[in-house]
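In my numbering, the protein residues as written are 7 to 154.
Glycine included, each C-beta is placed from N, C-alpha and C at the ideal position.
Because the structure is a prediction, the values reported are computed rather than measured.
Data block below; observations after.
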């Protein structure tokens, strides 16, 4: 079952606040974390974690509706919204936590540089409206899972 990107974003923000000593995630970092969560989910389960597209923008992958929702925070940290955090299936939760743990310690700019070096972003025309195709994500992240 695919969720809404804003619900997954809020789950990421809540987890970051809980496990990172109260550190808040910026919108830029949130966008990259959504990209990694979606990529690994597609590769592992064959279905998207969330319905919305990821686009290849100048500073890396972006989910436009999530970006727009939080853009008022600019480079500052974002508090999770005061609403119920969605629950994933047990297998999805395990994958979500593994991906979170693997990437949360990178800075926003570290994640930007990382995504710029990866095929899904490199193989997509850069700019708003240019969607990173699910198949690009599946092909790339299946290789990463295979090397784990």
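Is the stretch 104-111 touching the stretch 129-136 in the sense that three or more CB pairs, one from each, lie closer than 8 angstroms?
Touching, no, given that fewer than three Cβ pairs across the two stretches are closer than 8 angstroms.
Assign residue 85 to buried or exposed, taking buried as 16 or more other Cβ atoms, counted over all protein chains shown, within 10 Å of its Cβ.
With fewer than 16 Cβ atoms within 10 Å of its Cβ, residue 85 is classed as exposed.
Select from 83, 15, 34 the residue whose C-alpha is nearest the C-alpha of residue 67.
Selected option, being the one with the closest Cα: 34.
Roughly how many angstroms separate the alpha carbons of residue 52 and residue 42, rounded to a whole number?
Near 15 angstroms, if we compare the C-alpha coordinates of residue 42 and residue 52.
Check the DSSP bridge columns for residue 64 and list the partner residues they point to.
Partner(s): none; residue 64 has no beta bridge.
Considering only the beta carbon of each residue, do residue 11 and residue 56 sit closer than 7 angstroms?
Result yes, Cβ atoms of residue 11 and residue 56 sit closer than 7 angstroms.
Measure the C-alpha to C-alpha separation of residue 150 and residue 140 and round it to an integer number of angstroms.
Distance between the alpha carbons of residue 150 and residue 140 is about 15 angstroms.
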